[in-house]
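Residue numbers (the working numbering): 2 to 188.
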């Protein structure tokens, strides 16, 4: 299930939850680490218990659109059993322009002293890159990894304009903000 209706997404609103026992069993059968996704996993009231059970057999993370992270108590409970390293939580969340609460999620995480491992910016316009740049500048040290995912014709075959990784790179290069150091990671 998902509670957003992103214009580029292949995932239809609605859907059904996979039974918790099936998710946990998959983790027991397959070698981790495990990333719980959706649709939107925070729509499940049993997510904290699923995270706990999966973490008993391997490192467990989850990826959310952030809508469920505005509830501090739920956020803290979900954070209890996710994998943590170097002070970062195994919570990853994604920016979608369809959700107006992105900045509120950041503030909630700061208030709870939770530093997310990953923030994905899902973009379908180069105009969204200003948001990425502003976020990165204002939140140094809060997030371990910032990723940009270009919504593409793979997601929506009817979309006339497409964004490629090279478009993103060239945008940052035009801003004077992109260097590729030895080892290949952008900074």
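For every residue, glycine included, the Cβ atom is placed at its ideal position computed from N, Cα and C. Keep in mind it's a predicted model, so treat the numbers as computed, not measured.
> Short check: CB of residue 42 to CB of residue 65, under 8 Å?
Replying inline: yes
> Straight-line CA distance for residue 164 to residue 136?
Replying inline: 20 Å
> Going by the beta-carbon positions, is the gap between residue 145 and residue 109 smaller than 8 Å?
Replying inline: no
>> If I follow the unbroken beta strand (DSSP E) through residue 109, where does it start and stop?
In response: No beta strand (DSSP E) contains residue 109, which is instead part of the alpha helix (DSSP H) from 103-112.
> How far does the alpha helix (DSSP H) with residue 148 in it reach, from first residue to last?
Replying inline: Per DSSP, residue 148 belongs to no alpha helix (DSSP H); it is in the beta strand (DSSP E), 146-151.
> In the DSSP assignment, what are the bridge partners of residue 123?
Replying inline: 150
>> I'd like to know if residue 139 contacts chain D, where contact means its C-beta is closer than 8 Å to some C-beta of that chain.
In response: Note that chain D does not occur in the displayed structure, where there is just one protein chain.
>> On a Cα-Cα basis, can you pick out the residue from 124, 34, 52, 90 that is closest to residue 115?
In response: 90
> Using the beta-carbon count (16 or more within 10 Å), is residue 8 buried or exposed?
Replying inline: exposed
> Start and end of the alpha helix (DSSP H) containing residue 71?
Replying inline: Per DSSP, residue 71 belongs to no alpha helix (DSSP H) and is neither H nor E.
> Taking the DSSP output, what are the residues bridged to residue 86?
Replying inline: 89
> Excluding sequence positions up to five away, which residues of its chain have a Cβ less than 7 Å from the Cβ of residue 53?
Replying inline: 82
> Between the Cα of residue 129 and the Cα atoms of 173, 93, 111, which residue gives the shortest distance?
Replying inline: 173
> Can you tell me whether DSSP reads residue 24 as helix, strand or coil?
Replying inline: helix
> Helix, strand or coil: how does DSSP classify residue 49 here?
Replying inline: helix
> Which partner residues of residue 63 appear in the DSSP bridge assignment?
Replying inline: 37, 92
> Going by C-alpha distance, which of 30, 18, 86, 133 is nearest residue 117?
Replying inline: 86
>> If you follow the alpha helix (DSSP H) that residue 171 is in, where does it begin and where does it stop?
In response: 166-175
> Near residue 97, which residues of its chain fall below 7 Å by C-beta distance, leaving aside the five closest residues on each side in sequence?
Replying inline: 5, 7, 66, 123
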